[in-house]
Amino acid sequence: MDLSTSINISTITVFLEGLLSFFSPCVLPLLPVYIGYLSGGTVSVDKDGNRIYDRKKVLVNTIFFVIGISMAFLVLGLGMSAIGKFFSGNQIIFARVGGIIIVLLGLFQLGWLGESKLLNGTHRLPLNIEKMTMSPITAFVMGFVISFAWSPCVGPALSSVLILASSASSSVTGFALIGIYTLGYVIPFLLVGLFTTTLMDFFGKHRNIVKYTVKIGGVLLIIMGLLMFTGKMNSITSYLSTVSNQEVSTEETNAEKDTGEDIESSEDQDEDNSATESSEENTMAAVDFTLVDQYGETHSLLDYRGKIVFLNFWATWCPPCKAELPYIQELYEEYQAMEDPDVVFLGVTFPGNGDEQDIDGVTQFLEENGYTFPVLMDTEASLALPYYITAYPTTYLIDPDGNVLGYVPGGMTKDIMEDVIAQAKEASYTKLD
Numbered sequence: 302m303d304l305s306t307s308i309n310i311s312t313i314t315v316f317l318e319g320l321l322s323f324f325s326p327c328v329l330p331l332l333p334v335y336i337g338y339l340s341g342g343t344v345s346v347d348k349d350g351n352r353i354y355d356r357k358k359v360l361v362n363t364i365f366f367v368i369g370i371s372m373a374f375l376v377l378g379l380g381m382s383a384i385g386k387f388f389s390g391n392q393i394i395f396a397r398v399g400g401i402i403i404v405l406l407g408l409f410q411l412g413w414l415g416e417s418k419l420l421n422g423t424h425r426l427p428l429n430i431e432k433m434t435m436s437p438i439t440a441f442v443m444g445f446v447i448s449f450a451w452s453p454c455v456g457p458a459l460s461s462v463l464i465l466a467s468s469a470s471s472s473v474t475g476f477a478l479i480g481i482y483t484l485g486y487v488i489p490f491l492l493v494g495l496f497t498t499t500l501m502d503f504f505g506k507h508r509n510i511v512k513y514t515v516k517i518g519g520v521l522l523i524i525m526g527l528l529m530f531t532g533k534m535n536s537i538t539s540y541l542s543t544v545s546n547q548e549v550s551t552e553e554t555n556a557e558k559d560t561g562e563d564i565e566s567s568e569d570q571d572e573d574n575s576a577t578e579s580s581e582e583n584t585m586a587a588v589d590f591t592l593v594d595q596y597g598e599t600h601s602l603l604d605y606r607g608k609i610v611f612l613n614f615w616a617t618w619c620p621p622c623k624a625e626l627p628y629i630q631e632l633y634e635e636y637q638a639m640e641d642p643d644v645v646f647l648g649v650t651f652p653g654n655g656d657e658q659d660i661d662g663v664t665q666f667l668e669e670n671g672y673t674f675p676v677l678m679d680t681e682a683s684l685a686l687p688y689y690i691t692a693y694p695t696t697y698l699i700d701p702d703g704n705v706l707g708y709v710p711g712g713m714t715k716d717i718m719e720d721v722i723a724q725a726k727e728a729s730y731t732k733l734d
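Structure (C-alpha cells):
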C-alpha cells in the first residue's frame, strides 16, 4: 500500500466516522431540540400542523453552533497532540497500542464489550442553555458545551480520531485529521440549517437508521484500528522519527570555538548561500564509517552516495531483532533482483561487546538462518555513540547525499519497512526537485 492510498483510506475513514457520529443516538433523536434552540423560538405551526422555521435565523445560529463544535474538538486535539509529543520517542509502540484501543472502541460501539461509564455517560458543563436568549454567541457556547457531552456513540469515534491524531507525524497532520472528522460531523448540521423544515421531516420519519449507523461506525473503528496497528496507516502515524541537527556536535565546531576565529564572507556570498545555510540547519550528516562485513568485504558510507541506505543496528540475542531480520532479508533480495537498486541494506553488530557473540558467532548465526545481506562487524562499537544506539533494533534511513532522513527505534514488520523506505524515497526526491 503506497502513501497516497494510505492517506486516502485514513481520510475517508475519519470523514465517515464524523458523518456517522451525526446519525447516532445522542444526536439524531435530539435534533428537534437543537433546532428548537437554534431557531430562537421563532418556530411556528401552519394550518396543517406542520412546523415552520425561520430559515435565515436558524442558518446563522447553526453556523456559530458548528464553530463552537469545531473549537471544542480543537481543544481536545491540543491535549492529544501534547500527549503525542510526549510519546514521540516510542512512536511504534504508541501507534500499536493506539490501534488496539481503537479496535476495542469499535467492539464497544458494536455492543460486544458491554457498557462503559466513561463513554456511556454524559459529562456536562454547569451552564443552563435553556435560560439563555438564543443568539449567534449563545449558539457558539451551545455547540462548544454539547461537544463535551460524550455519549456511547460519539465517544468511541471521537476518541479513536484523537488517538490517531496524537500519533500523527506532525501537529499539522493531527489537526487535519480532527478537522476532517469535524467536517463530517458538522456538514449535516449545516444542511439542516439550510433545509430545516424538509430535513426535520425526513429525520423524523427515519429515526430507526440510528441502529444501523452505530454498527457501521463500529466496523469502521475496527478497520481503522487494524490499519494503525499493522502499519498500513504509517503515512499518518509516521514511524520514521526525525533527528534534530542540534543533537550533534562536531570536532570542527569545537575547534572554531577554541580558536575564536571569525569567518569572513562577502555580502554577495551571504545572499547566495542563505538558502543553503537554512537547509543545512535542518539536516544532519550521517557519520561515515569503514567496516568489514561477514564476507570480508569493506564497506564505507561514502561508497553509497546516490542511494538510500537502510542501516539496521541489531544483536543476535535480541528477540525483536530476530523477528525483523527475515523481513530485511526479503527486501534485500527484492532490491538485489533489480537492475539498478536505489536502496542499500546494511546491518551493523558489535561483536564481543556486552552480550554479543564474537565475529565467528555472529557469522555462524547469519549462516544458520540464511541471512545474506551485508552485516558490518563493528568490534570496537565505534558507531554506538555517534548513532545514539541505546536499544536494539534501531534503524536509520540515510539519503543519497549522506544525510540522516530519520530513524526507527524498535522492531518493524515488512509493511512498516516498506512504508518507511517509501517515505525516505519521497523525501529524497522532494529535495532533488
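Per my numbering, the sequence shown starts with residue 302, numbered consecutively. Glycine residues also receive a C-beta, built at the ideal position from the N, C-alpha and C atoms.
Which of helix, strand or coil DSSP assigns to residue i
{"i": "Thr439", "result": "helix"}
{"i": "Phe651", "result": "coil"}
{"i": "Ser683", "result": "coil"}
{"i": "Pro642", "result": "coil"}
{"i": "Tyr633", "result": "helix"}
{"i": "Glu568", "result": "Residue placement at Glu568 cannot be trusted, given a pLDDT of 41 that sits under 50; what the coordinates show is reported in the next sentence. Glu568 falls in the helix class under three-state DSSP."}
{"i": "Ala624", "result": "helix"}
{"i": "Ala586", "result": "strand"}
{"i": "Thr696", "result": "strand"}
{"i": "Leu411", "result": "coil"}
{"i": "Gly707", "result": "strand"}
{"i": "Met372", "result": "helix"}
{"i": "Ala728", "result": "helix"}
Alpha carbon of residue i to alpha carbon of residue j, nearest angstrom
{"i": "Leu360", "j": "Val473", "result": "30 Å"}
{"i": "Ser729", "j": "Gly607", "result": "10 Å"}
{"i": "Gln724", "j": "Gly494", "result": "43 Å"}
{"i": "Phe590", "j": "Gly475", "result": "37 Å"}
{"i": "Val610", "j": "Asp702", "result": "10 Å"}
{"i": "Tyr636", "j": "Asp700", "result": "16 Å"}
{"i": "Thr691", "j": "Val588", "result": "17 Å"}
{"i": "Leu789", "j": "Leu408", "result": "The structure shown does not extend to residue 789, since the chain is modelled only from 302 through 734, so no value can be given for it."}
{"i": "Ile517", "j": "Phe324", "result": "11 Å"}
{"i": "Met585", "j": "Leu686", "result": "15 Å"}
{"i": "Gly671", "j": "Leu632", "result": "14 Å"}
{"i": "Ile722", "j": "Phe614", "result": "16 Å"}
{"i": "Pro642", "j": "Phe496", "result": "58 Å"}
Own chain, CB closer than 7 Å to residue i, minus 5 neighbours either side, in chain order
{"i": "Leu667", "result": "Gln595, Val676"}
{"i": "Asp559", "result": "With a pLDDT of only 41 at Asp559, under 50, the local geometry of the prediction cannot be trusted, and no value is derived from it."}
{"i": "Leu411", "result": "Lys516, Gly519"}
8 Å CB neighbourhood of residue i in its chain, flanking five on each side removed
{"i": "Glu553", "result": "Note that Glu553 scores 38 on pLDDT, short of 50, meaning its location in the model is unreliable; the coordinates nonetheless yield the value given after this. Correct list: empty, nothing qualifies."}
{"i": "Leu320", "result": "Gly485, Tyr486, Ile488, Pro489"}
{"i": "Gly712", "result": "Ile393, Pro621, Cys622, Ala624, Glu625, Pro694"}
{"i": "Thr680", "result": "Phe651, Pro652, Gly653, Asn654, Ile660"}
{"i": "Met678", "result": "Leu592, Val593, Asp594, Gln595, Thr650, Pro652, Ile660, Val663"}
Given residue i as reference, the closest of the options once Cα atoms are compared
{"i": "Phe646", "options": "Pro621, Glu318, Met372, Tyr697", "result": "Tyr697"}
{"i": "Thr483", "options": "Ser683, Glu669, Ile313, Ile717", "result": "Ile313"}
{"i": "Leu405", "options": "Asp661, Val376, Leu527", "result": "Leu527"}
{"i": "Glu719", "options": "Gly648, Tyr689, Glu625", "result": "Glu625"}
{"i": "Ser436", "options": "Val644, Pro620, Leu478, Thr363", "result": "Thr363"}
{"i": "Asp661", "options": "Val588, Gln630, Thr617", "result": "Thr617"}
{"i": "Leu317", "options": "Gly480, Ile368, Lys358", "result": "Gly480"}
{"i": "Thr673", "options": "Asp604, Phe323, Pro627", "result": "Pro627"}
{"i": "Val315", "options": "Ile524, Ile402, Asp604, Val398", "result": "Ile524"}
Residues sharing a beta bridge with residue i, DSSP
{"i": "Ser601", "result": "Thr591"}
Cut-off 6 Å between Cβ atoms - residues of its own chain near residue i, not counting five sequence neighbours on either side
{"i": "Leu706", "result": "Leu698, Asp700, Ala725, Ala728"}
{"i": "Met372", "result": "Phe445"}
{"i": "Thr664", "result": "Gln595"}
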